Amino acid sequence: MLELILYNTQKTKRKMELSRTQKFVKWFSSKAKFEKIIEESKQWIFKCECGKTTSIWDMGGVRSGAKGNPKIRLKCPHCQKVSWQIIYKEN
Ligand SMILES: [Zn+2]
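Positions in the sequence shown are counted from 1; adding 5 to them yields my numbering.
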């Protein structure tokens, strides 16, 4: 899983690991905007048939300013099963 601890003060330098996609988005976003993107990406989730929900952010992805419910082939990080998942936004 990704280890995400973002924007702490420089005094407490902590580890931050982002996927390539997330790094790419971060590069083109302001700090405030990127924080919003993180928040939104965490609201987009899918529920595997094993019953666990995972966010797009947890999958190393980014989804922001988007509508609709795309169907994406994903590997559940909990049961490792690859299947088509509908992405929906958690309220
Ligand atoms: Zn699963």
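For every residue, glycine included, the Cβ atom is placed at its ideal position computed from N, Cα and C. Computed from a predicted model, the values in this text were never measured in an experiment.
It is roughly 17 Å from the alpha-carbon of Q27 to the alpha-carbon of L79. Between S69 and K36, the C-beta gap is not smaller than 9 Å, which leaves the two residues out of contact.
Straight across, the Cα-Cα distance linking G56 with V67 is about 22 Å. In the three-state reduction of the DSSP assignment, W32 falls in the helix class. Around the CB of F51, 16 or more other CB atoms lie within 10 Å, so the residue is classed as buried.
Per the coordinates, the alpha-carbon of C53 lies some 7 Å from the alpha-carbon of C81. In this structure S46 is not in contact with W32, their Cβ atoms being roughly 16 Å apart against a cut-off of 8 Å.
Contact check for E22 against T58 fails: the beta carbons are separated by 9 Å or more.
The three-state reading of DSSP puts S24 in coil, since its state is none of H, G, I, E or B.
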